[in-house]
Every structure is written in C-alpha cells, then in structure tokens.
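Scroll down for the structure; my scribbles are underneath it.
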Amino acid sequence: MEKSTLIGLCAGFISLGIGYVMKGADPSILLTPAAYLIIIGGTISCLFTGFTMEQMSVFPKLIKWEPHTRDFSRELGDQTSQYV
Numbered sequence: 001m002e003k004s005t006l007i008g009l010c011a012g013f014i015s016l017g018i019g020y021v022m023k024g025a026d027p028s029i030l031l032t033p034a035a036y037l038i039i040i041g042g043t044i045s046c047l048f049t050g051f052t053m054e055q056m057s058v059f060p061k062l063i064k065w066e067p068h069t070r071d072f073s074r075e076l077g078d079q080t081s082q083y084v
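Numbering (the working numbering), first residue to last: 1 to 84.
See below:
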C-alpha cells in the first residue's frame, strides 16, 4: 500500500468524524454495520467507475501479500564488496 493511499483513507475517516461532531451527531454512529457498508461500498463503487475492468482484474494480485524471500544481508554484503 502506498503512503498516499493510507493518508487518503485516514483523511477520509477523520473528515467523517469531524463532520459528525460539527453536525452535533454522536461519532459512535459510524461504528455500525450500515456505516461500514456505505463507506466500503462507496469506495468499491468509486474504484469500478474510475478504472476499466482490465485494470480492476489486476487489483487482487496487487493486494496479495507474499513474505519476502530475498536475503538482504547477503545482497548488501555483495554490493559492499563490489565497491570496496
């Protein structure tokens, strides 16, 4: 996940909370299943309207997590020996 994505998500949730407080509503109302459905459903809908189906078909591959299998300490040693 890119840093800008995380910043955007946090800004969105903070904006919702501040908006509810400014309106005089209880912010805990955002912790209901209906609120999650509206937020997550709206986000998914925006993704589908903003990208083509070809681009969206790649999305599951982008969020798939795989553990690192590279040996960074060995690579660092190899790079260091090249410059020394």
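Yeah, the Cβ is synthetic: ideal placement off N, Cα and C, and Gly gets one too.
State the start and end residues of the unbroken alpha helix (DSSP H) segment that holds residue i.
i   : result
G54 : One point to set straight first is that residue 54 is Glu, not Gly, in the sequence displayed. Its alpha helix (DSSP H) spans residues 53 to 63.
Go ahead and pull the three-state DSSP assignment for residue i.
i   : result
A25 : coil
T69 : coil
E2  : coil
P32 : Position check: residue 32 holds Thr in this sequence, whereas Pro was assumed. Coil.
Below 8 Å on the Cβ atoms is my contact criterion, and I expect residue i with residue j to pass it. Report the Cβ-Cβ distance as a whole number of Å.
i   : j   : result
P27 : G17 : 5 Å
L62 : M56 : Wrong, their Cβ atoms sit about 10 Å apart, outside the cutoff.
Given this structure, state the Cα-to-Cα distance separating residue i from residue j, to the nearest angstrom.
i   : j   : result
I36 : L30 : Going by the sequence as given, residue 36 is Tyr instead of Ile. Approximately 7 Å, taken between the alpha carbons.
G41 : D71 : 40 Å
G19 : A25 : 9 Å
G50 : S81 : 47 Å
S4  : P60 : 19 Å
L76 : P33 : 48 Å
E66 : Q79 : 25 Å
G8  : S45 : 16 Å
M53 : K64 : 18 Å
C10 : V58 : 24 Å
I38 : K23 : 19 Å
Using a Cβ-Cβ cut-off of 8 Å (strictly less than) and excluding sequence neighbours within five positions of residue i, which residues of its own chain qualify?
i   : result
I14 : none
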